[in-house]
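Below is one structure, written out as structure tokens; comments come after it.
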Amino acid sequence: MMKSELVTQIMRFGVVGSVGFIVDASLLWLFLSLGVNPYLGRLMSFPIALVTTWALNHKWTFGATHHAHRKGHFRRYLGVQLTGMSVNYMTYSLVITILGRDDFVILSALVAGSFVGMFINFCGARYIAFRV
């Protein structure tokens, strides 16, 4: 793969990740406003963000890698994302546990967890889920 293709994939992955972050954050805030605690709220918002990012990454970011069956892509993507989400969620939970549950801390925890998980998710998506 050429360097420019890698840069394009990284940029697209970032855009898709931003969309996923907005979905995750919006749903988390909805759940929090309904009285759900921040730990459970995040566990509820993440699966929807995961399906959103899978669909976008499958079609747009890694669209040239359609040599594998769609279900195979999703299973591998799910495995990668669950690994990234574990690190993401641990970071998120740690920040909230240490700093408290006010809105700014929860948002900061969401950003910190997403940032840490992003690196695992890109490498896993590129080299495992979509096997570029």
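For the sequence shown, this note's numbering gives the first residue as 35, with consecutive numbering after it.
Glycine is no exception: its CB is placed at the ideal position from the N, C-alpha and C atoms.
- Residues L144 of the same chain have their beta carbon placed closer than 7 Å to that of A59, with the five preceding and five following residues left out of the count.
- Secondary structure at G48: helix, using DSSP grouped into helix, strand and coil.
- In this structure the segment 45-61 does not touch the segment 123-138; the number of beta carbon pairs closer than 8 Å is below three.
- Per DSSP, reduced to three states, the secondary structure at R165 is coil, with no helix or strand assignment.
- Contact annotation: the segment 82-100 touches the segment 45-56, with at least three C-beta pairs closer than 8 Å.
- DSSP places N122 in the helix class (H, G or I) of the three-state scheme.
- Judged by DSSP in its simplified three-state form, D58 adopts helix.
- Non-local C-beta neighbours of V121 in its own chain, meaning closer than 7 Å and more than five positions away in sequence, comprise V150, G151, I154, ordered along the chain.
- Here L62 is buried, its C-beta having at least 16 other C-beta atoms within 10 Å.
- Residue environment analysis places F96 among the buried positions, since at least 16 neighbouring C-beta atoms fall within 10 angstroms of its C-beta.
- Residue state for D136 is assigned as coil, using DSSP reduced to three classes.
- Residue nearest to C157 within the set G75, P72, I44, M36 is I44 (criterion: CA-CA distance).
- Relative to N71, the option among A83, D136, R165, Y161 whose CA is nearest is D136.
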